[in-house]
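Counting in the numbering used here, the sequence shown runs without a single skipped number right up to 409 at its last residue.
Even glycine gets a Cβ: it sits at the ideal position worked out from N, Cα and C.
Structure record follows, encoded as structure tokens.
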Amino acid sequence: GHGTKGLKSVFKDQGFIQIDPLDPAGRYHDFFLFARIPDYKKGDLERVLYSEGLVFEDFFQMMCFIHRDYFQLFYTRRREEYLHKYYQKQIKYIKEHHPTFFTDALEILREQGAQTSAILKNLGDAALGKSRWKEGIFKTNIFELLYHFGKTAIVGRDKNFNKIYDLIERKYLEGELTSTLASEKTLHREKLKLHQKSFPVVDSRISVTKTGKLKISKARDSKLRTSEQLEEFISPDDKSDNPILVHFEKNNRIYIVSSQWKHLIEKVQFDNEMRAIGPLDPVIRDRDLTEQVFNFKYRWEIYTPEKQRRWGYYLLPLLYKGKILGRIEPTLKVKDNILRFVNFYSEPGIKWSKPMTKALERLIFRWKTMVNASDMDLVNITPLR
């Protein structure tokens, strides 16, 4: 898609996009949308979707931008699922030592409208600690605690990507704030279906034993934990869009895919453009499957000590006509606003043809426009020398 219409269409089709605050030359959600919308510009998601009320933020294992269509599915269980001990400790402390802070914070929003948490720095006379890690609590976290209680909503992001909060009743209709009567099983199933909208292949580390039975691992990020959940998810009902199981013999893994997966693959048509794929993108999120499909080993090395990195801090795979040709690392410094590509690696055996090189060049210039850079440094991009 293109422009605002394309942005809204892609977001509705995907259902959710994970949030990551790192900003080498665009954040992850910018990379995700840039790979699908050629004229996307950094921050368009925040500018367009928040202003039109099409997005909310919630935890879906990690914090995500989620389409408003699914708000009730998450709001219903927010307090029960995500009010962890970390937050409970803060709530207990505030209630015991500063019992008016919650009502005072809500009054600020009621009187002054949407605000970032920075406005709470001078709330009351007491200092609650300057670091959430050392003292475990600080005043500017109060809006977030009220969010978990269902009293505030995240209604936008400022230029520094800080959350902007407001009273939840100003953002959502009364009907949206009414708890659904759906069972836990139904809610879980609906969330799995949403997950599969964005990740057409849902992998819960399901494998096949020697006796032919399905085995579900206890991996931390598994989407399905029991055989009963698996059966519930794929069991037939009055809908024809139920997912099915496919056994990938190469790695002895079971993948839950759309029942129309063959038809969807047949519809794929490659264009002439190259795309930089974000590290959390569904295309490469399952690293094992990425290696099987693309013959490409990928590791996001942001958490790897610098001396132990093989590739670099934040590299993005380059996808072109169904093949990954290499990886590239962008940076954009505020002080000079120059888009630099500090690392570039071609995959072994790749010979850069003229169409490939032209596609890479177009990607680079679109990238410059995407982040509104004043200039570029392409010295490390060997095919463009």
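Relative to the alpha-carbon of residue i, which residue among the options has its alpha-carbon at the smallest distance?
{"i": "Pro-267", "options": "Met-87, Glu-214 and Ile-301", "result": "Glu-214"}
{"i": "Gly-302", "options": "His-287, Ala-59, Tyr-196 and Ala-142", "result": "Ala-59"}
{"i": "Pro-341", "options": "Asn-146, Gly-350 and Arg-334", "result": "Gly-350"}
{"i": "Phe-84", "options": "Asn-361, His-212, Ser-283 and Ser-282", "result": "His-212"}
{"i": "Arg-92", "options": "Glu-200, Ile-388, Lys-378 and Val-225", "result": "Glu-200"}
{"i": "Phe-391", "options": "Gly-180, Leu-288 and Phe-55", "result": "What sits at residue 391 in the sequence shown is Trp, not Phe. Looking at the Cα atoms, Phe-55 is the closest of the given residues."}
{"i": "Arg-183", "options": "Leu-197, Arg-134, Arg-194 and Gln-139", "result": "According to the sequence as given, residue 183 is Lys; it is not Arg. The option with the nearest alpha carbon to Lys-183 is Gln-139."}
{"i": "Asn-296", "options": "Leu-46, Gly-39, Ala-383 and Ser-75", "result": "Ala-383"}
{"i": "Gly-67", "options": "Thr-406, Lys-274, Asp-399 and Thr-393", "result": "Thr-393"}
{"i": "Phe-125", "options": "Lys-65, Tyr-171, Lys-32 and Ile-166", "result": "Ile-166"}
{"i": "Lys-357", "options": "Pro-372, Asp-399 and Tyr-189", "result": "Asp-399"}
{"i": "Gly-39", "options": "Asp-312, Phe-95, Tyr-52 and Glu-256", "result": "Phe-95"}
{"i": "Tyr-189", "options": "Lys-195, Val-179 and Leu-197", "result": "Val-179"}
{"i": "Ser-377", "options": "Phe-89, Met-298 and Thr-355", "result": "Met-298"}
{"i": "Thr-355", "options": "Phe-320, Asn-396, Asn-319 and Phe-318", "result": "Asn-396"}
{"i": "Gly-373", "options": "Lys-359, Lys-347, Ile-352 and Leu-363", "result": "Lys-347"}
{"i": "Arg-194", "options": "Leu-218, Leu-133, Lys-32 and Gln-253", "result": "Leu-133"}
{"i": "Asn-319", "options": "Leu-343, Gly-336, Val-72 and His-219", "result": "Leu-343"}
{"i": "Leu-387", "options": "Leu-269, His-172 and Ile-61", "result": "Ile-61"}
{"i": "Gln-253", "options": "Gly-174, Leu-216 and Ile-90", "result": "Leu-216"}
Distance, Cα to Cα, residue i vs residue j?
{"i": "Val-403", "j": "Thr-233", "result": "51 Å"}
{"i": "Glu-385", "j": "Leu-408", "result": "7 Å"}
{"i": "Gly-30", "j": "Lys-116", "result": "45 Å"}
{"i": "Asp-310", "j": "Thr-176", "result": "34 Å"}
{"i": "Asp-401", "j": "Gly-77", "result": "38 Å"}
{"i": "Gly-153", "j": "Glu-168", "result": "Low confidence applies here, because Gly-153 scores a pLDDT of 48, under 50, leaving its location unreliable; read the following figure in that light. Their backbone Cα atoms lie some 16 Å apart in a straight line."}
{"i": "Lys-113", "j": "Gln-136", "result": "29 Å"}
{"i": "Thr-100", "j": "Ser-207", "result": "11 Å"}
{"i": "Lys-375", "j": "Leu-339", "result": "20 Å"}
{"i": "Asn-367", "j": "Trp-324", "result": "14 Å"}
{"i": "Ala-49", "j": "Leu-57", "result": "14 Å"}
{"i": "Thr-314", "j": "Phe-272", "result": "13 Å"}
{"i": "Phe-80", "j": "Tyr-74", "result": "8 Å"}
{"i": "Asp-305", "j": "Pro-379", "result": "25 Å"}
{"i": "Phe-223", "j": "Tyr-111", "result": "30 Å"}
{"i": "Gln-293", "j": "Lys-145", "result": "53 Å"}
{"i": "Gln-316", "j": "Lys-274", "result": "8 Å"}
{"i": "Glu-256", "j": "Ser-282", "result": "15 Å"}
{"i": "Gly-160", "j": "Ile-41", "result": "Because Gly-160 carries a pLDDT of 39, less than 50, the predicted location of this residue cannot be relied on, and the following value inherits that uncertainty. Those two C-alpha atoms are separated by around 29 Å."}
{"i": "Ser-371", "j": "Lys-345", "result": "The sequence given here places Glu at residue 371; Ser does not occur at that position. Those two C-alpha atoms are separated by around 15 Å."}
{"i": "Trp-65", "j": "Ala-142", "result": "Reading the sequence as shown, one finds Lys at residue 65 and not Trp. Taking the straight line joining both Cα atoms gives about 27 Å."}
{"i": "Lys-291", "j": "Thr-204", "result": "37 Å"}
{"i": "Val-225", "j": "Gly-27", "result": "28 Å"}
{"i": "Pro-45", "j": "Tyr-52", "result": "8 Å"}
{"i": "Asp-47", "j": "Cys-88", "result": "16 Å"}
{"i": "Ile-240", "j": "Ile-230", "result": "5 Å"}
{"i": "Val-270", "j": "Leu-288", "result": "15 Å"}
{"i": "Met-86", "j": "Ile-118", "result": "26 Å"}
{"i": "Leu-363", "j": "Phe-389", "result": "10 Å"}
Residue i by DSSP, collapsed to three states: which one?
{"i": "Lys-154", "result": "For Lys-154, the pLDDT reaches just 46, beneath the cut-off of 50, and the residue's location in the model is therefore unreliable, leaving the point undetermined."}
{"i": "Ser-33", "result": "helix"}
{"i": "Leu-402", "result": "coil"}
{"i": "Ile-132", "result": "helix"}
{"i": "Leu-69", "result": "helix"}
{"i": "His-26", "result": "coil"}
{"i": "Asp-312", "result": "helix"}
{"i": "Gln-332", "result": "helix"}
{"i": "Ile-188", "result": "strand"}
{"i": "Thr-140", "result": "strand"}
{"i": "Val-1", "result": "No answer is possible for residue 1: it lies beyond the span of the chain, which begins at 25 and ends at 409."}
{"i": "Lys-234", "result": "coil"}
{"i": "Ser-370", "result": "strand"}
{"i": "Val-395", "result": "coil"}
{"i": "Lys-378", "result": "helix"}
{"i": "Arg-92", "result": "helix"}
{"i": "Gln-42", "result": "strand"}
{"i": "Tyr-322", "result": "coil"}
{"i": "Tyr-279", "result": "strand"}
Strictly by DSSP, which residues pair up with residue i?
{"i": "Leu-384", "result": "In DSSP, Leu-384 forms no bridge with anything."}
{"i": "Leu-340", "result": "Ile-352"}
{"i": "Asp-182", "result": "According to DSSP, Asp-182 bridges with nothing at all."}
{"i": "Val-292", "result": "Looking at the DSSP assignment, Val-292 forms no beta bridge with any residue, so it has no partner."}
(request) Pair every Cβ in the segment 329-340 with every Cβ in the segment 264-279, then say whether three or more of these pairs are closer than 8 Å. (result) With a cut-off of 8 Å, the segment 264-279 and the segment 329-340 do not count as touching, because too few Cβ pairs lie within range.
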